[in-house]
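First comes the structure, then the notes that go with it.
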Amino acid sequence: MTTRRRFLQGAASASAIVAAPAIVRGQNLNSKLQLASIGSDGKGFSDIKAMSSHGYQQYVAFCDVDTERTLNVKKLSPETPIYQDFREMFSEKGDEIDAVTVSTPDHMHAYCAISAMKLGKHVYCQKPMTHNVWENREMMRVAEEAGVITRLGNQIHSHMFYRTAVQLVQSGAIGKVKEVQSWVRNTGHGRSGFLNRPTRVDPVPESLNWDSWIGVAPMRPYSGEHRCYHPWGWRDWQDFGSGAIGDIGCHIFDPVFTALDITGPADEFFATHSGMNDEVWPAQTMYHFTVPGTEYTAEDRLRITWSDGSLAPSRKGSHIPSREQLPSSGSFLIGETGTLLVPHVATPKIFRDGGKVTQDFEMAEDLDHYHGWIDGCILEEQPSDDFQYGGRLTEVILLANIAVRFPKETLKWDAEKMKITNNDEANRYLTREYREGWDLKKLVGESPG
Numbered sequence: 441m442t443t444r445r446r447f448l449q450g451a452a453s454a455s456a457i458v459a460a461p462a463i464v465r466g467q468n469l470n471s472k473l474q475l476a477s478i479g480s481d482g483k484g485f486s487d488i489k490a491m492s493s494h495g496y497q498q499y500v501a502f503c504d505v506d507t508e509r510t511l512n513v514k515k516l517s518p519e520t521p522i523y524q525d526f527r528e529m530f531s532e533k534g535d536e537i538d539a540v541t542v543s544t545p546d547h548m549h550a551y552c553a554i555s556a557m558k559l560g561k562h563v564y565c566q567k568p569m570t571h572n573v574w575e576n577r578e579m580m581r582v583a584e585e586a587g588v589i590t591r592l593g594n595q596i597h598s599h600m601f602y603r604t605a606v607q608l609v610q611s612g613a614i615g616k617v618k619e620v621q622s623w624v625r626n627t628g629h630g631r632s633g634f635l636n637r638p639t640r641v642d643p644v645p646e647s648l649n650w651d652s653w654i655g656v657a658p659m660r661p662y663s664g665e666h667r668c669y670h671p672w673g674w675r676d677w678q679d680f681g682s683g684a685i686g687d688i689g690c691h692i693f694d695p696v697f698t699a700l701d702i703t704g705p706a707d708e709f710f711a712t713h714s715g716m717n718d719e720v721w722p723a724q725t726m727y728h729f730t731v732p733g734t735e736y737t738a739e740d741r742l743r744i745t746w747s748d749g750s751l752a753p754s755r756k757g758s759h760i761p762s763r764e765q766l767p768s769s770g771s772f773l774i775g776e777t778g779t780l781l782v783p784h785v786a787t788p789k790i791f792r793d794g795g796k797v798t799q800d801f802e803m804a805e806d807l808d809h810y811h812g813w814i815d816g817c818i819l820e821e822q823p824s825d826d827f828q829y830g831g832r833l834t835e836v837i838l839l840a841n842i843a844v845r846f847p848k849e850t851l852k853w854d855a856e857k858m859k860i861t862n863n864d865e866a867n868r869y870l871t872r873e874y875r876e877g878w879d880l881k882k883l884v885g886e887s888p889g
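Note that my numbering has the sequence shown beginning at 441, numbered continuously upward.
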């Protein structure tokens with residue numbers, strides 16, 4: 441007897457599909473992977489649209505806490521039902537859903553994704569994977585125990601530019617790597633236009649379920665002033681977003697971690713910043729952290745520095761001349777024989793002694809990140825940037841955002857014990873108190889549905 445899974449796998453093989461992981465469990469036995477979305481506009485819609493171009497998928501449900509932000513998906517798939525609460529969507533359509541995309545503000549990633557994985561659904565989740573370290577570890581654990589196919593929404597991981605950078609480092613084009621500088625011009629706050637909570641309180645729009653938008657975070661009044669929370673300003677706020685490093689760090693660090701095959705945890709963090717309060721992230725930050733060396737590094741420890749808010753990375757020790765204008769975001773890896781500049785979504789450059797530059801190298805193949813995850817769900821093959829890999833990237837970002845609360849103090853991280861060993865106060869930021877009705881700690885303790 442031909443099962444739906446075997447049918448899909450056969451179709452995938454016949455179409456020369458390559459990549460990703462997952463187990464098709466949907467009960468609506470047709471020939472396509474049944475998808476649902478949590479978050480359906482903005483980045484959520486771009487994820488949905490990209491997935492929709494795959495020949496062996498079908499969206500069976502959309503969800504967004506704001507029904508005004510479902511106009512695009514209604515046009516894309518008019519017959520697909522729309523929900524405002526993903527829990528209701530799972531209750532009514534769970535047997536038909538194989539896989540879920542999660543494209544919400546950072547603070548809700550873990551609650552939504554873990555809910556889906558505990559029901560046996562494959563998950564594609566936007567970056568950073570979670571909002572705090574405990575959530576990150578739980579995402580990794582639940583994903584592994586559920587045996588589902590997962591992928592982080594760092595789509596440039598599959599782009600030829602980042603893949604080329606990985607090839608160059610691993611082929612020895614710059615020798616062993618001695619140091620890494622990464623940066624982005626974005627500020628930790630600035631999208632919302634606020635340094636403190638707005639004093640104006642507005643009626644909640646009829647289209648918006650504010651309780652579901654707040655979710656696991658402490659409740660606060662809705663304000664529509666400058667759209668300071670929803671739909672755009674949330675990244676600035678410590679309760680909801682993760683600042684500049686949370687916004688773009690998983691992208692920028694991705695070719696560094698992949699090229700150097702960094703699998704060990706960071707163990708020391710040091711941060712400076714331009715000033716902060718208890719509401720929004722600093723305008724400018726600089727982080728230093730160290731990770732274990734690998735076969736591609738010159739020493740047994742590697743130092744990585746992150747700068748944001750237009751702080752310039754240091755070129756000291758690199759082969760990049762002062763006359764070279766750096767891109768607005770990216771990394772450079774300082775090697776023994778050259779420095780590799782990896783702009784964010786642009787062709788890499790190699791600099792040698794005297795500032796000599798070359799781009800005379802073979803470009804890697806460009807892959808489809810979204811289709812790769814769907815292929816993986818069908819073929820039951822985990823992609824290279826699943827939640828285990830994504831968790832390593834995310835943990836660095838989340839620990840950096842703890843270090844920023846203790847500027848100019850080196851925090852020592854014991855990854856195995858999940859504890860900062862030299863500052864007890866810092867450990868309180870490894871997790872959070874969850875709001876009644878949205879208690880993630882209770883959810884992870886529940887039996888699978």
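Here a beta-carbon is modelled for each residue, glycine too, at the ideal position from N, C-alpha and C. If you're wondering where the values come from, they're calculated on a predicted model, not measured in any experiment.
Where residue i falls, given that 16 or more other Cβ within 10 Å makes a residue buried
| i | result |
| --- | --- |
| Pro788 | buried |
| Ser493 | exposed |
| Arg603 | buried |
| Trp653 | buried |
| Arg675 | buried |
| Met726 | buried |
| Met580 | buried |
| Leu838 | buried |
| Thr698 | buried |
| Leu635 | exposed |
| Ala752 | exposed |
| Leu473 | buried |
| Glu519 | exposed |
| Leu511 | exposed |
| Asn862 | exposed |
| Pro661 | exposed |
| Asn717 | exposed |
| Gly757 | exposed |
| Asp481 | buried |
| Met659 | exposed |
Pairwise C-alpha distance: residue j and residue i
| i | j | result |
| --- | --- | --- |
| Arg509 | Thr850 | 43 Å |
| Gln678 | Gly686 | 11 Å |
| Leu516 | Asp740 | 51 Å |
| Thr712 | His691 | 22 Å |
| Ala657 | Gln765 | 41 Å |
| Asn576 | Pro823 | 18 Å |
| Asp793 | Trp813 | 41 Å |
| Asp387 | Val884 | This structure does not reach residue 387, given that the chain is present from 441 up to 889, and the question cannot be answered. |
| Val542 | Ala553 | 7 Å |
| Thr590 | Ala583 | 7 Å |
| Glu820 | Pro671 | 35 Å |
| Arg637 | Thr737 | 45 Å |
| Arg872 | Phe693 | 26 Å |
| Gly689 | Gly630 | 17 Å |
| Val464 | Ser486 | Because Val464 carries a pLDDT of 42, less than 50, the predicted location of this residue cannot be relied on, and the following value inherits that uncertainty. Answer to the nearest angstrom: the Cα atoms are 23 Å apart. |
| Lys882 | Gln621 | 40 Å |
| Asp504 | Pro521 | 11 Å |
| Ala866 | Arg845 | 8 Å |
| Tyr829 | Arg527 | 27 Å |
| Ile744 | Ala539 | 35 Å |
| Phe827 | His562 | 11 Å |
| Lys852 | Asp707 | 6 Å |
| Thr734 | Cys565 | 28 Å |
For residue j and residue i, believed in contact at Cβ under 8 Å, the rounded distance
| i | j | result |
| --- | --- | --- |
| Thr627 | Gln524 | Incorrect: roughly 32 Å between the Cβ atoms, too far for contact. |
| Ala424 | Ile537 | The chain is shown from 441 up to 889; residue 424 falls before or after that span and cannot be answered. |
| Pro847 | Gly681 | Rounded, the Cβ-Cβ distance is 20 Å, inconsistent with contact. |
| His809 | Gln595 | 4 Å |
| His666 | Gly612 | His666 to Gly612, Cβ: 50 Å. No contact. |
| Asp506 | Leu700 | About 41 Å; that fails the 8 Å criterion. |
| Pro761 | Gly795 | 4 Å |
Whether residue i touches residue j by CB criterion (8 Å)
| i | j | result |
| --- | --- | --- |
| Val782 | Phe772 | yes |
| Leu608 | Leu475 | no |
| Thr798 | Ile614 | no |
| Pro705 | Gly715 | no |
| Ile806 | Met600 | The identity of residue 806 in the sequence shown is Asp, whereas the question assumes Ile. Cβ atoms of Asp806 and Met600: closer than 8 Å. |
| Ile702 | Val720 | no |
| Ile774 | Val617 | yes |
| Leu880 | Ala490 | no |
| Ala843 | Phe709 | yes |
| Leu592 | Asp815 | no |
| Arg625 | Ser750 | yes |
| Trp623 | Asp748 | yes |
| Ile488 | Ser477 | yes |
| Val573 | Met858 | yes |
For the 8 Å Cβ check, are there 3 or more pairs between the segment 560 to 574 and the segment 831 to 839?
yes
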